[in-house]
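Sequential numbering of the sequence shown, starting at 1, is according to the working numbering.
Just so you know, even glycine gets a beta-carbon here, dropped at the ideal spot from N, CA and C.
The next block holds one structure in the form of structure tokens; read it before the comments.
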Amino acid sequence: MTDTSTRSARDTATPWERHSSLQTFAELLLGLSFTAAVAFGGYAAVTGRMTVLSQGAGIVFLVTLTCVLVSWFRAVEHDGHPSTTTTTTAAVDPIAAVDAEYRR
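Rendered as structure tokens:
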């Protein structure tokens, strides 16, 4: 039996707990579209057929790659700024906020 009354609660969530289902779907689609683009591209190179499917899979891959990279960079940018995660009810003077950031 484990006594949890003296343990501190976990403060932050792991990266997997912060993943939305849409982001997970986009990452899976990225891998599948890459596999399809390579497979159809190889088949098209060997036989001369299925070039439209390989081009379509390549377009889907590039679009999902862009979306996934943007979401990754936004997550990293969000994690790097702790001031964006805390909310305050009082109005903040923008000049004072810039001054405080400059003095840090």
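Cα-Cα separation between residue i and residue j, rounded to whole angstroms
i: S33; j: V52; result: 14 angstroms
i: V38; j: S20; result: 28 angstroms
i: V46; j: A36; result: 15 angstroms
i: E108; j: V68; result: Outside the displayed range of the chain (1 to 104) lies residue 108, so it cannot be described from this structure.
i: D93; j: A57; result: 50 angstroms
i: G48; j: T66; result: 29 angstroms
Buried/exposed call for residue i, threshold 16 Cβ in 10 Å
i: F25; result: exposed
i: Y102; result: exposed
i: T64; result: buried
8 angstroms Cβ cutoff met for residue i and residue j
i: L30; j: F61; result: yes
Endpoints, the alpha helix (DSSP H) within which residue i is located
i: G42; result: 21 to 47
i: R103; result: 94 to 103
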